[in-house]
Each structure stands twice: as structure tokens, then as C-alpha cells.
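Asker:
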Amino acid sequence: MAGLHREAGYPLSLLDPTAIRRIATGLGLRPTKQRGQNFVTDANTVRRIVAASGVGPDDVVLEIGPGLGSLTLGLLEVADAVVAVEIDELLAGALPATVAERMPERADALSVLTADALRVSTLPQDPTVVVANLPYNVSVPVLLHLLATFPSWQRGLVMVQLEVADRLVARPGSKIYGVPSVKMAWYAASSRVGTVPHSVFWPVPNVDSGLVAIHRRPAPDTTATRDQV
């Protein structure tokens, strides 16, 4: 594939730091903290995240916040299909071209929606797994919305700021147990399954991220609603 660039040790299909900078420069992209735009630049980390998600060849993945496509490409290596929801129009528009260039044989397995994950209500396919890279300020609302709106997915993996990850999985009696912990437990069992160092992101954030595995619970035997919890 002429025109592709990679650093030593990086699989050609996945994005390396050089490719990420090249794509960002071509788009005139200036990542913003408001939207949590920190992109994974390490292929080994991408593969580790994909492995932790448990995604397999029969899965339809709903990916929230694909950004420049680092994780999208890793998911397309193993999943049946990926439905990516991206709020940034510039990034959403560029993602299909990135996949077509890096992994042309899987381009038809990708669907991209330009939408706010907090408001999306319909998808082209029913997801079986959710994989999300979420800014700390919207992580809990987005997860609760996806759990309530798309009952087809039974498990997921989210990458959030380490402090938020700890709060999501906190148990009763813990010093950090609070509203996020209670609301998550209403729908799903959650557990920490890894840490992603801040050094593998561009731009480099101030803190590490945590990986949280989610497994949907059976519906509670109560007449209470999510908003009443």
C-alpha cells in the first residue's frame, strides 16, 4: 500500500504515532479537552484493550468516541461489524477513509454515525458489545443511556479517567462509593480490568485511564425507574 507510513514494530493496519499525527495534521485537528480528545498511539495497547473487551467474530460492536480510529481498527480485526458513534463531525467524516486506507478488506464492516451518544436512539445494527472511550464528565450519563436504550448488548468495556473508573466499580462501604456506583449497579456488574498509562495517548493527559468491564444484570424486580435510583 503505497503512501502508508509506520514505525518499526507497528502492524501496518493499526495506527502508529506518525500516522496519527499525519491524519490530525491533514484534518487541521486541534484536540480539545472538552470532548476528551486524547488518542491512543500504541498498537500494543490497542490490542490489549480489544482483548479485554472479549470481542469475537460474531459480535457487533457499538464504539463510542472512535476519534481518529486507533481502537476502531483493532476492533475491526476481530469483530463482525463496528458501529461507531462520533460527536465531532470532522472526525466522523474522516474515519471511513482511514479504515479504507489501512484495512480496505474490512471497510464495509464499519458504520459511522455523527451523533451525541447521549441522544442516539437508533442504530443500523443491534450491538452485542459496547466499547467506549469516554470523557470523565459524561461517562456515567452515556453508559446509563446506552444501557437503557439498547438492551441487545450484554457486555462492554469502557476506558475512563482512572478516578472515574474506581468510582464506577466501588462497592458499598468504600470511601469512594457514591451516586455513580449506585447508578451503574442498577443495570450492570462492573469491575476494573486494567490501567492504560497516560504516556500512550496524544495529546498526553495528566492522569492514567482505567478499563472497566461491564456485564448487564437481569432487570431488577421493582417498579422503580432508573431516574428514581
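Under this note's numbering, the first residue of the sequence shown is numbered -7, with each subsequent residue one higher. Beta carbons are placed, not taken as given, at the ideal position from N, Cα and C, and that holds for glycine. Because the structure is a prediction, the values reported are computed rather than measured.
Using the Cα positions of I12 and T33, report the straight-line distance between them to the nearest angstrom.
Answerer: So the alpha carbons of these two residues sit roughly 7 Å apart.
Asker: Starting from M176, follow the alpha helix (DSSP H) in both directions and report where the run begins and ends.
Answerer: Unbroken alpha helix (DSSP H) run through M176: 171 to 179.
Asker: If we count Cβ pairs, one from each stretch, closer than 8 Å, do we get three or more for the segment 150 to 170 versus the segment 79 to 88?
Answerer: Segments in contact, no.
Asker: Can you give the Cα-Cα distance for Y2 and T114, rounded to whole angstroms?
Answerer: The predicted model places Y2 with a pLDDT of 40, which falls under 50 and marks its position as unreliable, so this point remains unresolved.
Asker: Is it true that the CB of I206 sits closer than 8 Å to the CB of R147?
Answerer: Cβ distance < 8 Å, so R147 and I206 count as in contact.
Asker: Return the CA-CA distance between D50 and A35, expressed in angstroms with no decimal places.
Answerer: Their backbone Cα atoms lie some 23 Å apart in a straight line.
Asker: Would E81 and T64 qualify as a contact pair, given that the criterion is a beta-carbon distance under 8 Å?
Answerer: Going by C-beta atoms, E81 is not nearer than 8 Å to T64.
Asker: Would you mind stating whether S45 and L149 have Cβ atoms separated by less than 8 Å?
Answerer: Going by C-beta atoms, S45 is nearer than 8 Å to L149.
Asker: Could you name the residues of the same chain whose beta carbon sits closer than 7 Å to that of A16, not counting the 5 residues immediately before and after it, in chain order?
Answerer: Excluding positions up to five away in sequence, the list reads L60.
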